[in-house]
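Protein chains in written order, with my numbering: chain A, 1 to 593; chain B, 1001 to 1120.
All residues carry an ideal CB built from backbone N, CA and C; glycine is no exception.
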Amino acid sequence: MEPEQRFRYGDFSREVSMDHHQISYNALAPKVEKDADGKAIPYVHPKVDLRAADVYNLVRPYIQVRFLEQFKAVVPLALYLVLFQIFMLSQAVEDSWVITGGMFAVIVGLMFFMEGLKLGLMPFGEAIGNTLPKKSPLPAVLGITFLLGVGVTFAEPAIGALKAAGAIVSVNSAPYLYTLLNDWAGTLVLVVGIGVGFAAVLGTMRFIYDWSLKPMIYCAMVPAFGLTFIALSDPELAKVLGLAWDSGAVTTGPVTVPLVLSLGIGIAGAAGSGESRLSGFGIITLASIFPVIGVLGLAIFVSTQTSPAEIIAAANAAQSLNANILPTWYETTPGAEVVGGLRSIVPLVLFLFVVMKVMLREPIKNAGLLAYGITLAILGMIIFNLGLTYGLAKLGGQSGGLVPAAFLAIETVEGSPLYGYAMGITLALVFVWFLGFGATLAEPALNALGATVQNLTQGVFKKSMLMYAVSFGVATGIAVGLTKIIFDLPLAWFLIPGYATAIVLTYFSSEEFVNIAWDSAGVTTGPITVPLVLAIGLSFGNAVGALEGFGILSMASIGPILAVLSTGIWVRYRARRAENMADTAEKTGVPTT
Amino acid sequence: MKNREVFLTDLALITCIVQRGLGDEIVIAAREAGALGATINYARGTGIRERLGFLGVAVEVEKEVLNIVVATEQVDIVFSSISLAGKLDTPGMGFMYVTPLEKASTYIPPTVVEKLEERG
């Protein structure tokens, strides 16, 4: 009988399924040459020559991942708008090819911009945050932080949407609003930036000295409310309130948040503090309140300089003048977008570069990579701005202008109102509610915040709970904001009770939840949601004949604050009750279930 | 009575270094090939990225290091399936090696121990 033979199954399957080759690493490893003195010459690794297939394999996932990230954020929203327009309002999408191209530009632009931000701007922020506190005294550090806060505001993609909104505002119905967005547009962005700058300084000091956020919120709300009341006393100025409170939501976007945070955390780390679990929170809160103060202050200053009648006269005069003169190339698209893109990134980069070279005398590492990143950021900004004009703003404006046809007679829509008055308004509100809910839930920043919060609260505040609370808050806020526009109610009616309730809830909440709640609003209003909601609001306002269409974003900011604060209080109450029940059960000897 | 100690022998460690974010897919592939689990560290790596020149931007500096312990008989099949799942034959995608292990200790269900000892 033959002897039994045994094989390992692994050997068998390898032999059958794979063609294996072995190469000794010794054959690949470079030989280090020695010079005449016997010293080793440092080996220079040669560049790798890639075949076309390898380049494709290497580049494809790189682009695919980044493209899909933005694709997932943009396409569902756009589809929702388009489908609603087609099925509920039975209106074809005008210029659908232009809008599709614009949306594609938004996706590509954001993809370039985010990658450029990561490679070209973030390394500066981190390097400055780490080395600046070691080489400069605290006041100088805070000065740089302030300037950086101003600079990042100009680089924020959504700021472009604010400027674009100026064109839609009618000078006759809201003269101060018109002049702020047109004649004073540069100053407007500057005061918003100054607000963000102060927020960055105070937020950084908060990291260093471990201050509580609650008193800072109270202190920041006093001037904000004070100026709001002053503005309310003048019916012309009151129309600026929507813009002022919206500007807070616009500023806290994908540039400001990471760059200011990385600087602040670096400074706090170098100062030996910042060990608190909550460090990192708070700057966003302040960055969304201070610009409100800045814009209101500017509006009041403008009102002392000119009168509404003068503004209207000047605007009409300018209009009749401009009718004959063709606008120069940099005032029309696409020239305006190119100039806008350059103007938002280049100053920030120059500022960071000067700080690195002159203040810190640090060498610039990886210059090639930085140049690549900065180029990408600028290109991305230009493409995004183009997409904003031709895609997001156009689509948002179109839906905003058409949705009122559900309950109003609109000239351009045949057979409008399409539904009964009450039914139509309900439909419009449900439409924006789901738009806000979906857009917020899809925001990648919210997912990240949810994970952080779940860790911070040791799982008491679940990630999904936070995400739904914030989305619910934003959605309800947007619906309330739309109600304000439909019935042309003063924004103050919603703003003052909303923020007053938020302050009362803040008083009763624990520090953790205060930090999370107030930051959640700023984190979730990203570069896609903001322009879309602004455009919808403005053209909706135009269609229903409201004075101005601002205010939706400010409602979308207060909504999540209230939602998260109340959820936080409820979570804490429930946790405490469970604890109490366990305690009493222990005392009485009754086993708990 | 002596304390009872049960440990495992005949194992190998597969260490796989890939770009940050790509680890999960590989762990799934390894589990499907029979590995029980993985330990994941974050790390930074250099090498191919610098030598690729301009294309280096497509390679993430941040890495994940996956440590997967397998039985010696599983090594080849798990190794191959990771290599396929991670597309390790593409430049910049990662690096993987196998280290022999002497012994290991972990929770082994008592019923399993009994069954194995009965068999001898």
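- In this structure, DSSP gives residue 1107 of chain B a state outside helix and strand, which the three-state scheme calls coil.
- Residue 287 of chain A has its alpha-carbon roughly 23 angstroms from the corresponding atom of residue 350 of chain A.
- Looking at A:5, A:467, A:529, the one whose alpha-carbon comes closest to that of residue 568 of chain A is A:467.
- In the DSSP assignment, residue 1016 of chain B forms a beta bridge with B:1066, B:1096.
- Sequence-ordered contacts of the stretch 1044-1070 of chain B with chain A read 1047, 1048, 1050, 1051, 1052, 1053, 1054, 1055, 1056, 1057, 1058, 1059, 1060 [C-beta pairs closer than 9 angstroms].
- For residue 1071 of chain B, DSSP records a beta bridge to B:1011.
- The Cβ-Cβ distance between residue 548 of chain A and residue 174 of chain A falls below 8 angstroms.
- Taking the Cα positions, residue 1040 of chain B is about 46 angstroms away from residue 481 of chain A.
- For the set A:226, A:338, A:202, the Cα lying nearest the Cα of residue 160 of chain A is the one of A:338.
- Note that the stretch 1030-1046 of chain B touches the stretch 1062-1077 of chain B; at least 3 beta-carbon pairs, one per stretch, sit closer than 8 angstroms.
- Under the three-state reduction of DSSP output, residue 1043 of chain B falls in the strand class.
- Cβ atoms of residue 1077 of chain B and residue 1034 of chain B come within 8 angstroms of each other, at about 7 angstroms.
- Look at residue 40 of chain A here: in three-state DSSP terms it is strand.
- Counting C-beta pairs with one atom in each stretch, the stretch 94-102 of chain A and the stretch 385-404 of chain A have three or more that are closer than 8 angstroms, which means they touch.
- Using a Cβ-Cβ cut-off of 8 angstroms, residue 162 of chain A does not count as an interface residue toward chain B, since no Cβ of chain B sits closer than that to its own.
- Using a 10 angstroms sphere on the CB of residue 394 of chain A, the tally of other CB atoms reaches 16 or more, which defines it as buried.
- Contact annotation, residue 116 of chain A with residue 376 of chain A: C-beta distance approximately 3 angstroms; criterion of less than 8 angstroms satisfied.
- Judged by DSSP secondary structure, residue 72 of chain A falls within the alpha helix (DSSP H) whose first and last residues are 52-87.
- DSSP, read as helix, strand or coil, puts residue 388 of chain A in helix.
- Chain-order list of chain A residues neighbouring residue 1090 of chain B: 54, 57, 58, by C-beta distance under 7 angstroms.
- For residue 118 of chain A, there is no enclosing alpha helix (DSSP H), as DSSP marks it with neither H nor E.
- Excluding residues up to 5 positions away in sequence, 288, 521, 522, 525, 530, 553, 554, 556, 557 lie with their Cβ nearer than 8 angstroms to the Cβ of residue 249 of chain A in the same chain.
- No Cβ-Cβ contact shorter than 8 angstroms links residue 442 of chain A with residue 158 of chain A.
- Close CB contacts of residue 141 of chain A within its chain, under the 7 angstroms cut and outside five residues either way in sequence, are with 132, 133, 267 (chain order).
- Less than 8 angstroms separates the beta-carbon of residue 475 of chain A from that of residue 440 of chain A.
- Within a 10 Å sphere around the beta-carbon of residue 221 of chain A sit 16 or more other beta-carbons, which makes this residue buried.
- Per DSSP, the unbroken alpha helix (DSSP H) holding residue 499 of chain A starts and ends at 492-508.
- For the stretch 402-478 of chain A, the continuous alpha helix (DSSP H) assignments of 4+ residues that do not extend past its boundaries occur at 421-442, 444-456, in sequence order.
- If you draw a straight line from the Cα of residue 514 of chain A to the Cα of residue 1046 of chain B, it comes to about 42 angstroms.
- Excluding sequence positions up to five before and after residue 120 of chain A, its CB lies within less than 6 angstroms of the CB of 370, 373, 374, 377, all in the same chain and listed in chain order.
- For residue 301 of chain A, the secondary structure class from DSSP, reduced to helix, strand or coil, is helix.
- Residues of the stretch 32-45 of chain A with a C-beta atom less than 7 angstroms from some C-beta of chain B are 45, listed in chain order.
- Approximately 15 angstroms separates the beta-carbon atoms of residue 64 of chain A and residue 110 of chain A; this is outside 8 angstroms, ruling out the contact.
- Taking a Cβ-Cβ threshold of 8 angstroms, the residues of chain B close to residue 372 of chain A are 1054, 1057, in chain order.
- Between residue 193 of chain A and residue 153 of chain A a beta carbon distance of about 4 angstroms is seen, short of the 8 angstroms cut, so the two are scored as contacting.
- Segment contact: the stretch 1088-1098 of chain B against the stretch 1048-1060 of chain B, three or more CB-CB distances shorter than 8 angstroms; contact assigned.
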